[in-house]
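These notes concern the structure reproduced below.
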Amino acid sequence: MIFDKKAFRSSATGVEEKFLLTIKRCLILAPHPDDESLACGGLIQLLLQQGTEVRVILTTDGSQSHRSATYPPDQLAALRYGEMITALDCLGIDPQQLKGYQSKDSAMPAKGEPGFETLSERLHADLSHFLPQLILVPYELDPHRDHRATFQLLLSALKNVANYKPLIWEYPIWLYENASESDIPKLEAGELKFLDIHGYLHKKEKAIQAHQSQTTQLIDDDPSGFRLTAEMMGNFLNGKEYFMQRNKINPAGTLSKDYFETLYSTHSDPWSFETSAYESHKYATTISAIPDGQYKKALEIGCSIGVLTQMLSSKCDHLTAMDISEVALEKARKRMEDQKAVAFIQGGIPADFPDESFDLIVMSEVGYYLSKEDLLATRELIFNSLLPDGILVLVHWTHFVADYPLSGDEVHHCFDQANLRHLKGSRTADYRLDVYKKQE
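Per this note's numbering, numbering of the sequence shown is gapless, rising by one per residue and ending at 637.
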């Protein structure tokens with residue numbers, strides 16, 4: 198299949214300069230030496246010019262582009278690494294800002310393969326130390342196994358970084374040349390961005406040409422060895438660089454009802470609430486954190502299939518449990534069919550927040566599904582519905598999840614700004630719990 202590059206690019210919108218000014222730290226993940234110059238050479242120069250710290254991680258050793266007696270794999274890897282240093286120098290990046298993971302070229306471990314978790318731990322450590330605001334990574338389905346594995350590596354490593362939500366831009370390389378129909382991204386309006394780099398083209402082209410093993414006949418004893426043709430390089434020297442800011446991994450809006458219905462329709466207990474030792478311990482900790490006493494009227498936001506609901510019901514004369522998923526609620530109702538003091542309502546927040554007053558509100562693992570705007574609206578509704586001396590309990594997972602608009606820490610920081618008294622708080626390696634009280 199011939200990929201229609203013109204049609205693909207026609208939907209792109211320009212990157213706003215004022216946005217780039219907010220980026221102080223940027224990380225580029227490159228599977229092979231030359232990917233960084235081809236995809237990001239102009240962006241690198243622009244960011245450096247405005248004072249952004251830019252670092253590059255090379256995920257493979259680049260050793261398999263040729264089968265050469267003159268340059269066997271170890272020597273070819275060293276040659277290409279040196280070329281990358283020269284290319285980055287052309288763009289203005291100090292060699293100290295380059296790190297190589299040295300996975301075997303064309304055999305980088307993908308998710309589930311031996312060696313992947315070790316790489317993930319390494320990238321997790323680098324991300325935790327640097328905390329880039331913008332990360333550049335190959336497109337998820339770019340037609341090369343190392344490119345796809347590098348994307349998988351990023352998402353895996355991010356899951357273990359707490360209180361952190363970077364912006365992720367995906368760049369195409371082989372999409373332009375080798376795309377099959379299943380590789381082509383189905384983008385929503387505004388997800389494809391372009392950066393005008395006409396003012397940076399000279400240095401970008403010089404950086405690309407620094408990869409002489411890929412652009413010249415430097416290695417002349419392998420007629421079938423890889424070579425960047427003029428046509429291939431032309432994809433990246435047309436005055437614009439293209440990046441995908443997909444909502445799939447950069448969600449800004451509140452997750453929809455369909456998102457949850459799909460989850461519950463494919464798995465009746467998608468987070469293993471009924472069987473997970475982690476969930477069981479977290480629920481027990483949540484219940485014990487609620488101040489002693491019998492609550493007359495309580496609200497549970499996001500009750501799911503009703504496991505925590507069942508535990509909460511013993512502390513309340515009446516409990517209202519709400520969830521956006523009708524599939525989940527059906528299971529929760531069945532679990533609690535003998536409990537007359539529990540009422541279930543189907544709806545999402547903030548739109549369907551019940552117009553009632555409560556002396557206890559529990560929101561566990563829900564807030565990060567909301568946009569910042571909807572979270573602020575929910576905060577106001579919670580505050581207004583709490584009776585004097587009413588209790589609010591928040592519990593949220595603190596690791597990165599690509600699907601979620603916010604992190605757990607962002608949710609709790611938002612409520613720290615409310616006019617509520619903080620009674621207690623705790624944090625484990627995976628979640629945080631905070632208890633607040635409304636002052637009279």
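In this text, a Cβ means the ideal position worked out from N, Cα and C, and glycines have one as well.
**Asked** Of all the options L415, D339, E367 and L243, which has the alpha carbon lying nearest to the alpha carbon of I446?
**Response** Locating residue 446 in the sequence shown gives position 249, counting from the first residue. Per the Cα distances, E367.
**Prompt:** Is the beta carbon of E233 less than 8 Å from the beta carbon of V253?
**Reply:** Taking the first residue of the sequence shown as 1, we reach residue 233 at position 36. Taking the first residue of the sequence shown as 1, we reach residue 253 at position 56. Result yes, Cβ atoms of E233 and V253 sit closer than 8 Å.
**Asked** By how many angstroms is the C-alpha of V559 removed from the C-alpha of S208?
**Response** Within the sequence shown, numbered from 1, the residue matching residue 208 stands at position 11. Within the sequence shown, numbered from 1, the residue matching residue 559 stands at position 362. Computed Cα separation, rounded: 43 Å.
**Request:** With DSSP as the reference, please indicate the residues paired to K560 in a beta bridge.
**Result:** As a working mapping, residue 560 is identified with position 363 in the sequence shown. Residue identity differs from the one stated: residue 560 is Met in this sequence, not Lys. M560 is bridged to I498 and L591.
**Message:** How far does the alpha helix (DSSP H) with A540 in it extend, from its first residue to its last?
**Reply:** As a working note, residue 540 is residue 343 in the sequence shown. Where A540 is concerned, there is no enclosing alpha helix (DSSP H), although the beta strand (DSSP E) it sits in stretches over V539 to Q543.
**Item:** Pair within 8 Å by beta-carbon distance, I282 and V251
**Value:** By one-based count along the sequence shown, residue 282 stands at place 85. By one-based count along the sequence shown, residue 251 stands at place 54. Contact flag unset, no.
**Prompt:** How should L218 be labelled, buried or exposed, when 16 other C-beta atoms within 10 angstroms of its C-beta is the threshold for buried?
**Reply:** The sequence position of residue 218 within the sequence shown is 21, counting from 1. Result: exposed.
**Message:** Please return the same chain residues whose Cβ sits closer than 7 Å to the Cβ of N375, not counting the five positions on each side in sequence.
**Reply:** The count along the sequence shown starts at 1 and reaches residue 375 at position 178. Here the set comprises P340.
**Unbroken beta strand (DSSP E) run spanning G297, endpoints** = Within the sequence shown, numbered from 1, the residue matching residue 297 stands at position 100. Taken as a continuous stretch (DSSP letters only), the beta strand (DSSP E) holding G297 covers L295 to S300.
**Request:** Could you check what DSSP says for E250 in three-state terms: helix, strand or coil?
**Result:** Translated into positions along the sequence shown, residue 250 becomes position 53. Three-state result, E250: strand.
**Prompt:** Hey, is D291's beta-carbon within less than 8 Å of any beta-carbon in chain C?
**Reply:** Chain labels in this structure do not include chain C; a single protein chain is all it has.
**Asked** If you draw a straight line from the alpha carbon of A495 to that of L578, how long is it in whole angstroms?
**Response** Here the question's residue 495 lines up with position 298 in the sequence shown. Here the question's residue 578 lines up with position 381 in the sequence shown. Computed Cα separation, rounded: 14 Å.
**Asked** Do you know whose CA, among I370, Y361, H326 and K356, lies nearest L338's CA?
**Response** Translated into the one-based positions of the sequence shown, residue 338 becomes position 141. The shortest Cα separation from L338 among I370, Y361, H326 and K356 belongs to I370.
**Item:** Pick from A284, V563, Q614 and E428 that is closest to I405, judged by C-alpha positions
**Value:** Here residue 405 is taken as the residue at index 208 of the sequence shown, counted from 1. The residue with the shortest Cα to Cα distance from I405 is A284.
**Start-to-end residues for the beta strand (DSSP E) that takes in R629** = Start at 1 with the first residue of the sequence shown, and residue 629 comes out as number 432. Here the beta strand (DSSP E) through R629 covers Y628 to K634.
**Asked** Taking contact to mean at least 3 C-beta pairs separated by less than 8 Å, is the stretch 378–398 in contact with the stretch 432–439?
**Response** yes
**Message:** Starting from P270, trace the alpha helix (DSSP H) in both directions and tell me its first and last residue.
**Reply:** On the sequence shown, position 73 is the one that residue 270 refers to. Taken as a continuous stretch (DSSP letters only), the alpha helix (DSSP H) holding P270 covers P270 to L288.
**Message:** For the structure I just gave you, are there three or more beta carbon pairs, one from the stretch 382–391 and one from the stretch 352–362, closer than 8 Å?
**Reply:** no
**Prompt:** Quick one: what's got a C-beta closer than 7 Å to Q536's C-beta in the same chain, skipping five residues either side?
**Reply:** Translated into the one-based positions of the sequence shown, residue 536 becomes position 339. Hits under 7 Å: S510.
**Message:** Please return the same chain residues whose Cβ sits closer than 8 Å to the Cβ of P467, not counting the five positions on each side in sequence.
**Reply:** The residue given as residue 467 occupies position 270 in the sequence shown. Closer than 8 Å at Cβ, skipping near neighbours: L460 and Y461.
**Asked** For I225, does the three-state DSSP call read helix, strand or coil?
**Response** Along the sequence shown, one-based indexing puts residue 225 at 28. Strand at I225.
**Message:** DSSP has G622 in a bridge; who is on the other side?
**Reply:** Here residue 622 refers to the residue found at position 425 of the sequence shown. Per DSSP, D631.
**Asked** So, do the stretch 579–598 and the stretch 549–566 have three or more beta carbon pairs nearer to each other than 8 Å?
**Response** yes
**Prompt:** Between C513 and T506, which are expected to be in contact by the criterion C-beta below 8 Å, what is the C-beta distance as a whole number of angstroms?
**Reply:** Against the sequence shown, residue 513 aligns to sequence position 316. Against the sequence shown, residue 506 aligns to sequence position 309. The Cβ separation is near 10 Å, so there is no contact.
**Request:** Let me know if T347 comes out buried or exposed under the rule of 16 or more other beta-carbons within 10 Å of its beta-carbon.
**Result:** Walking along the sequence shown from the start, residue 347 turns up at place 150. So T347 ends up on the buried side.
**Request:** Give every residue of the same chain whose Cβ lies closer than 7 Å to the Cβ of Q409, excluding the five residues on either side of it in the sequence, and list them in chain order.
**Result:** Your numbering for residue 409 matches position 212 in the sequence shown. Answer for Q409: E280 and L415, listed in chain order.
**Item:** Separation of P448 from Y566, as counted between CA atoms
**Value:** As a position in the sequence shown, residue 566 is number 369, starting the count at 1. As a position in the sequence shown, residue 448 is number 251, starting the count at 1. So the alpha carbons of these two residues sit roughly 9 Å apart.
**For M519, the first and last residue of its enclosing beta strand (DSSP E)** = Counted from its first residue, the sequence shown places residue 519 at position 322. Unbroken beta strand (DSSP E) run through M519: C513 to D520.
**Closest by C-alpha distance to Y475, when choosing among N432, D627 and K301** = The sequence position of residue 475 within the sequence shown is 278, counting from 1. Selected option, being the one with the closest Cα: D627.
**Message:** Can you tell me whether K215 is helix, strand or coil according to DSSP?
**Reply:** Numbered from 1 along the sequence shown, position 18 holds the residue referred to as residue 215. If DSSP states are grouped into helix, strand and coil, K215 belongs with the helices.
**Asked** Any idea what DSSP makes of V358, helix, strand or coil?
**Response** Translated into the one-based positions of the sequence shown, residue 358 becomes position 161. Correct three-state label for V358: coil.
**Request:** Give the straight-line distance between the Cα atoms of D520 and F205, rounded to the nearest whole angstrom.
**Result:** As a position in the sequence shown, residue 520 is number 323, starting the count at 1. As a position in the sequence shown, residue 205 is number 8, starting the count at 1. The alpha-carbon atoms of D520 and F205 are separated by roughly 39 Å.
**Prompt:** Three-state secondary structure (DSSP) at S368?
**Reply:** Indexing the sequence shown from 1 puts residue 368 at position 171. Per the sequence shown, residue 368 should be read as Tyr rather than Ser. It is a strand residue.
**Request:** Give the straight-line distance between the Cα atoms of K528 and E458, rounded to the nearest whole angstrom.
**Result:** For the purposes of this step, residue 528 is taken as the residue at position 331 of the sequence shown. For the purposes of this step, residue 458 is taken as the residue at position 261 of the sequence shown. The straight-line gap from Cα to Cα measures roughly 13 Å.
**Message:** For E402 and E471, I'd like the C-alpha separation in whole angstroms.
**Reply:** Locating residue 402 in the sequence shown gives position 205, counting from the first residue. Locating residue 471 in the sequence shown gives position 274, counting from the first residue. Their Cα atoms are separated by approximately 57 Å.
**Asked** Would a C-beta distance cut-off of 8 Å place D343 and P228 closer than the cut-off?
**Response** Here the question's residue 343 lines up with position 146 in the sequence shown. Here the question's residue 228 lines up with position 31 in the sequence shown. Against a cut-off of 8 Å, the Cβ pair of P228 and D343 comes out as a contact.
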